[in-house]
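Reviewing the structure listed below.
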Amino acid sequence: MAAVGSAVGLGNIWRFPYICGKYGGGAFLIVYLLFVFLLGSVLMMSELVIGRRSRRTPISAYASLAPRRQRPLWIGFGVLCIITCFFILSQYLVLSGWTTGYVWHSVSGALASMGTDAGVIADFFRHFSTGGWSPVWFMVLFSILVLIVILGGVQKGVEMASKVLMPVLVLLILVLCVRSLTLPGSIRGVEYLFSPDFSKLTSEGILAALGQALFSLSVGMGVMVVYGSYLPADDRIFTTAMWITACDTLIALLAGLAVFPAVFSCGFDPAGGPGLVFCVLPNVFNTMGAAGAIFSVLFFLLLLVAALTSAISLLECLTACITDNGRLRRWQGAAIVFVLSTALGAVFTLSFSHLSGVKLAGLSLFDFIDRINSIYLPPLCALGTVLFFGWVMPEADIRAEFTNNGTVRLRLYGFIRFMARYVAPLALLVVIITGIGG
Ligand code: TRP
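Convert by adding 593 to the 1-based position in the sequence shown; the result is the number in this note's numbering.
Written out as C-alpha cells, the structure is:
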C-alpha cells in the first residue's frame, strides 16, 4: 500500500490524462500499457529484489551485492540515486505547497467566489504562485505533515498513513468520477481520453509514454529498493510488483475519467500540469453551482493525499539512506532531510517571485530542476538499476528472491530476465540519447 502511495502522485492526476489525450488517446494507451507492464514492472521487480536481498538502502545495497572490484562504481551510483530523490523531493514540495494552498482556498471559499471568468481565475493563480513567501508557508506546512509521518517510524508512521490515506484517495477519486461522468456531454471527455488516433502517436509520443511509465511508477531512483528492504521474506515479489503496477495504472485511468469528462462537459479545452489543476479545474467547479464548491474541496484533498504519500516515500528513502550506517538516529536523519529539502523547495518556490531573475542555462531555477528531473537523472538511474540487476547482481540471489528460496515457482522468470538484460537497457538508452539531443 505504501509503494502504491509512492507511485500514485501528482503525475497520475495532472500529467497522465493530459499526455494520453494529446498523443492519441487509445493509441497512446496501448503503448503506455505495454511500457508499464513490460518495462516498468521489471524495474519495479529489480528494485524490490535488490532491496529485499540486501535489506539495505540504495548505496549500501548496490555495494553489498556487487563484486568487490566494482564497489566504488556502485557506491557512486547509489549516491546518484539519492541525489535524484532529493531533487525530485524538492521539486515535488513546490507543487505540493501550491496544492496545500489550494486546499485552503477551496475550503475558505476564495476559489468559489471567483465566478467563471477564466481570466480572473488565472490571475488568482498567478498572484498566488508569484506571491513571495505565502506559497512557501503552505509548503512548510506540507513538509511538516510529511515529517510527522516519518518520525512515527516505518510501521506506525509510513504504514499507518498509507493504510488510511490510500482508501481515502480511492474513495475521493471514485466520487469525482461519478460526478464527472454523469454531467451532460461528458462523453466527449471520455472520447478524448480513449478513442484511438494513431496519427497523433508520434515518436515523441512514444518517448513520452516510456518517460511517464517510469515516472509514474516511481522506479529507478531507489525508493522501491528501500520499500523492498521492508518486505517480509514470504511475500512474492512478482505478485507484489504487479499489484503496485496495476493499481498505479488504474488510478491514472480513473484520474482521467474524473477530470476530462468534467472539463469537456463544461466547455473547456484540455490542458495539463499546473494549468489544468489550478486554472481550468477551479473554473469547472464554479460552473457546477453550489455543489461545485464541495467537489472543489474534494478534488484538492485528493491531490493533497496523492502528493503526501509520494513525498512520504521520498523522505523515507532519504532518511533511511543517511541513517543506514547507524551513526545518526532516525529523528536526526529525518530532521536533516526535512530542513535541506524544505530549504531547497523554498528556493524553487521563490523562483516564481523574488528569485525570478536568477537563471541557470537560460532557465528559471524551477524550470531548470524540472528539466534535470524529467530528462536527465531518472532515466540514467533507471538504466543503472537494470544494468545492475541484469548483469552485475549474482543470478542465484535473484532467483532466490523470485522463488522465495525455492519455495515458489515463477514461470515468467526467463522472460523477466531477458527484459532486464536486453530490452530495458536498450529502451532506456534511446530515451537518454534523445533526451540529451533535445
Ligand atoms: N510517481 C510519482 C507520481 O506519479 C512521482 C515520482 C517519481 C515519485 N519518482 C518518485 C514519487 C519517487 C516518489 C518517489 O507523481
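Just so it is clear, CB atoms sit at the ideal spot from N, CA and C, and this is done for glycine as well. These figures come from a predicted structure and were not determined experimentally.
Short of 6 Å from the beta carbon of Val-601, and not among the five residues preceding or following it, lie these beta carbons of its own chain, in chain order: Asp-841, Ile-844 and Ala-899. In this structure, DSSP gives Ser-949 a state outside helix and strand, which the three-state scheme calls coil.
Three or more beta-carbon pairs separated by less than 8 Å link the segment 712-725 to the segment 863-874, which places the two stretches in contact.
Under DSSP, Leu-956 shares a beta bridge with Leu-953.
For Cys-910, the enclosing alpha helix (DSSP H) stretches over residues 883-916.
With a contact defined as Cβ atoms closer than 8 Å, Ile-1009 and Val-635 qualify at about 6 Å. If you draw a straight line from the Cα of Ala-864 to the Cα of Leu-807, it comes to about 22 Å. Cα atoms of Val-629 and Leu-937: separation of roughly 31 Å, rounded to the nearest angstrom. Its Cα nearest to that of Leu-911, the residue Met-817 stands out among Met-817, Ser-858, Pro-760 and Leu-1003. Annotated three-state conformation of Cys-859 is coil, per DSSP. Between Ala-656 and Val-985, the gap from beta carbon to beta carbon reaches 7 Å or more. C-alpha of Leu-970 to C-alpha of Ala-884: approximately 43 Å in a straight line. Under the criterion of beta carbons closer than 8 Å, Pro-875 and Ser-858 do not qualify as touching, at roughly 15 Å. Annotation: Asn-998 is outside any alpha helix (DSSP H) and is labelled neither H nor E by DSSP. Between Val-1024 and Pro-987, the C-beta gap is not smaller than 7 Å, which leaves the two residues out of contact. Ile-714 and Thr-942 have their C-alpha atoms spaced approximately 20 Å apart. Between the segment 634-652 and the segment 612-623, the count of C-beta pairs closer than 8 Å stays below three; the two stretches do not touch. The set of residues with a C-beta under 6 Å from any non-hydrogen atom of the ligand TRP comprises Ser-599, Ala-600, Gly-602, Leu-603, Gly-604, Asn-605, Ile-681, Phe-808, Ser-809, Ser-811, Met-814, Val-816, Ser-903, Ser-906 and Leu-907, given in chain order. In this structure, Leu-908 places its C-beta atom within 7 Å of the C-beta atom of Val-739. Here the segment 827-841 makes no contact with the segment 660-677; the two share fewer than three CB pairs at distances below 8 Å. Taking 7 Å as the cut-off, the Cβ atoms of Gly-690 and Phe-731 count as close. Ser-599 is positioned such that its CB atom lies closer than 7 Å to that of Ser-811. Take the alpha-carbon of Leu-891 and the one of Val-751: they are about 23 Å apart.
In this structure, the beta-carbon distance from Ala-855 to Ala-705 does not fall below 7 Å. In the three-state DSSP reduction, Gly-669 falls in the helix class (H, G or I). Annotation for Gly-604: Phe-808 and Ser-809 place their beta carbon closer than 6 Å to its own, counting only its chain and skipping 5 residues before and after.
Cβ-Cβ distances below 7 Å link Ala-848 to Asn-605, Ile-606, Phe-609, Pro-610 and Ile-766 in the same chain, with the five nearest sequence neighbours on each side left out; the list follows chain order. One thing to note: Pro-651 has its Cβ no nearer than 7 Å to the Cβ of Gly-860. Rounded to whole angstroms, Ile-929 and Asp-960 show a C-alpha spacing of 25 Å. Thr-677 and Asn-966 have their C-alpha atoms roughly 7 Å apart.
The C-beta separation of Phe-982 from Ala-1020 comes to about 14 Å, leaving the pair out of contact by the 8 Å criterion. The C-beta separation of Ser-683 from Ile-915 comes to about 16 Å, leaving the pair out of contact by the 8 Å criterion. Per DSSP, Glu-640 is one residue of the alpha helix (DSSP H) stretching across 634-647. Under the 10 Å beta carbon count, Leu-896 is surrounded by 16 or more other beta carbons and is classified as buried.
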